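Colleague: Residue numbers (the numbering used here): 11 to 452.
1) Beta carbon of residue 316, beta carbon of residue 259: below 8 Å?
2) Cβ of residue 429 within 8 Å of Cβ of residue 439?
3) With a 10 Å radius around its C-beta and 16 neighbouring C-beta atoms as the bar for buried, classify residue 9 as buried or exposed.
4) Our contact map puts residue 372 next to residue 349 with C-beta atoms below 8 Å; I'd like the distance itself, whole angstroms only.
5) Please say whether residue 56 and residue 153 have beta carbons closer to each other than 8 Å?
6) Just to confirm, is the Cβ distance from residue 139 to residue 29 under 8 Å?
7) Taking the alpha-carbon positions, what's the residue 320 to residue 375 distance?
8) Where do the N-terminal and C-terminal ends of the beta strand (DSSP E) with residue 462 fall, by residue?
9) Please classify residue 304: does DSSP put it in a helix, a strand, or coil?
10) When we look at the beta-carbon of residue 271 and count the other beta-carbons within 10 Å, is it buried (16 or more) or exposed?
11) For residue 434, which of helix, strand or coil comes out of DSSP?
12) Would you tell me roughly how many angstroms separate the C-alpha atoms of residue 24 and residue 142, rounded to the nearest one?
13) Have a look at 150, 27 and 79 and flag the residue whose alpha-carbon is nearest the alpha-carbon of residue 114.
14) Taking 8 Å as the threshold (C-beta atoms), are residue 206 and residue 230 in contact?
15) Could you have a look at residue 404 and say whether DSSP puts it in helix, strand or coil?
16) Taking the alpha-carbon positions, what's the residue 14 to residue 111 distance?
17) Below 8 Å on the Cβ atoms is my contact criterion, and I expect residue 102 with residue 82 to pass it. Report the Cβ-Cβ distance as a whole number of Å.
18) Using 8 Å as the Cβ pair cut-off and three pairs as the minimum, do the stretch 394-404 and the stretch 418-434 touch?
19) So who's on the other strand from residue 30, going by DSSP bridges?
20) Going by beta-carbon coordinates alone, are residue 222 and residue 188 separated by less than 8 Å?
21) Should residue 288 be labelled buried (16 or more other beta-carbon atoms within 10 Å of its own) or exposed?
22) What does a CB cutoff of less than 6 Å around residue 282 pick up in its chain, not counting 5 residues either side in sequence?
23) Considering only the beta carbon of each residue, do residue 333 and residue 49 sit closer than 8 Å?
24) If contacts are defined as beta-carbon pairs under 8 Å, then residue 285 and residue 269 qualify, I think. What distance do you get, rounded to the angstrom?
25) Excluding the 5 residues flanking residue 442 on each side, which residues of the same chain have their C-beta closer than 8 Å to its C-beta?
26) With H, G and I counted as helix, E and B as strand and the rest as coil, what does DSSP make of residue 267?
27) Pull up the DSSP beta-bridge partners for residue 262, would you.
28) Which residue's Cα is closest to the Cα of residue 160: 266, 87 and 385?
29) Extract the residue ranges of the alpha helix (DSSP H) inside the stretch 61-143, only unbroken runs of 4 or more that lie entirely within it.
30) Please go through the same chain and pick out, in chain order, the residues whose beta-carbon is closer than 7 Å to the beta-carbon of residue 41, but skip the five residues on each side of it.
31) Tell me which residues share the same chain as residue 390 and place their Cβ nearer than 8 Å to its Cβ, disregarding the 5 neighbours each side in the sequence.
32) Work out the CA separation of residue 120 and residue 58 for me, nearest whole Å.
33) Would you list the one or two residues that DSSP bridges to residue 175?
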C-alpha cells in the first residue's frame, strides 16, 4: 500500500484509489469483501434507515437518544458535509484517523489476495461501508445507527446482519437513473430492506405510498407501522431557537424540544422517536427522560442551520424539489412573509428548474453561484437563465461565481440570506463562512 494517509483528505483519496469508479449498484463485491474480512456486519445490532430526504436527521435523533440512554453507539452516515471524519462516530465522537487507516489496510490486504476483487474492486461507498463495519465490530458497539447510501435493496448497508429496527423517512423523486422513474419504483427499492419479525416504521410521507409499504412489509413478515397513522403530533412551534411539539402514540405522551430547525424535523424526530419506543423492550435503558434529552441534544449541521438569527443567515442542504419545498415551508413558518436573498448552487444532474421555481416563494432575489472545482456543479449562468425562464424577474437574478462573494453580495441588502441547493455546496460554504464568521457577525 502507498504511504499511510496523514489526513482524512488523504484517507479519502486512498479509498478512491482502491475503488472502482462511479456508482454500481449490487451486493456481490461488498459481500465477497466482507466475507474476506470476517463478516464484521454480523457483530453488532443495528438500526437501518432508508429514505430520500430526512434519513440523516432521523439517524442523528436515533443515535442521540440511544447514547443518552447509556448505550455504546455508532453512527454511520453519508455523504459527509465538511470532512470524511464525519461519516462514523462512536458515542458522538469521530473515529481517529489511525483507526480508519488500520481498517483500510485490512481491506486493502484482503483485496490484494483475492483475484476476483483485484479485477472488479468494490466502489468507494462499498469500501467505506466495509471499513465502518470493521470499526464497529472492533469497538464494542452495543448498537449502530446506519443510514443507507442510495436506495436500499442493493445498497451496501443492506448487508447488516443483526438489524433490530428499520426506519423509512420520506420518499421523493431523486436518483431516478439508478432507482427508477416513478415514486413507486423508488419506494420499492427502499422498502425492500424489510426484514422478517423486525419492526419496520415508515414516516407515511407521502401517504400515497402507504399501501405499497403495507404490502411489502406484510410479504416480508416484518412488523409494520406508519407514523402518520399511529401518532398524534400537536402543539408544533417552530422558531429560530428550535422546534417544540407534543407526541402521542399508543398511550405514550411526550412534549419534546429539538435544537434542530425546520418543520420537516418534526417528522424526522417523530419517526426516530417511534422507532426508539418500538425497540425499548429490548433496550430497556431507553426512558422518557433519555428520549427528551436525546432529542434536545441531537446535532445535524447544514440542514436548516441558522448561523445567525437576525437578519437570518441560514444553510440548508435541500437538493431536490421535495427538500426545497420543505425549506420554503419552514422559512415561512419561522420568518413569516419576510423575503431575503437566496444564494443557490446545485449539481447539474438534479432537478434544479423545479427547485428554482419553488424558491420564488421564499426569496426577493436569487444569487446563482457554484462549488469551485466540482465538475458536477451546474454553471451559475445556466441557473440564472433557468430562473428567468421560471418567472424570476431578471433584475432580481445575479450571477456571482465565487460562493463567498455571493454571500457578501446577498448580505449587502441586510434582509437575510438563505444558502441552499446542494449538500456539497453547503459543506463547502459552511467551512468558508465559519472561517470568516467575524465578517458575518455570528
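From the three backbone atoms N, C-alpha and C, an ideal C-beta is built for every residue, glycine too.
Here the structure is a predicted model, which means the values were calculated and not measured.
Modeller: Taking the structure as given:
1) no
2) yes
3) Residue 9 lies beyond the stretch modelled for the chain, which goes from 11 to 452, so this question has no answer here.
4) 7 Å
5) yes
6) no
7) 18 Å
8) In the structure as shown, the chain begins at 11 and stops at 452. Residue 462 is therefore absent and cannot be evaluated.
9) helix
10) buried
11) helix
12) 15 Å
13) 27
14) yes
15) helix
16) 7 Å
17) Their Cβ separation, rounded to whole angstroms, is 11 Å, which puts residue 102 and residue 82 out of contact at 8 Å.
18) no
19) 133
20) no
21) buried
22) 68, 71 and 72
23) no
24) 20 Å between Cβ atoms; not a contact.
25) 413 and 414
26) strand
27) 259
28) 87
29) 65-78, 107-122 and 125-129
30) 169
31) 355, 378, 379, 380, 409, 410 and 411
32) 26 Å
33) 57
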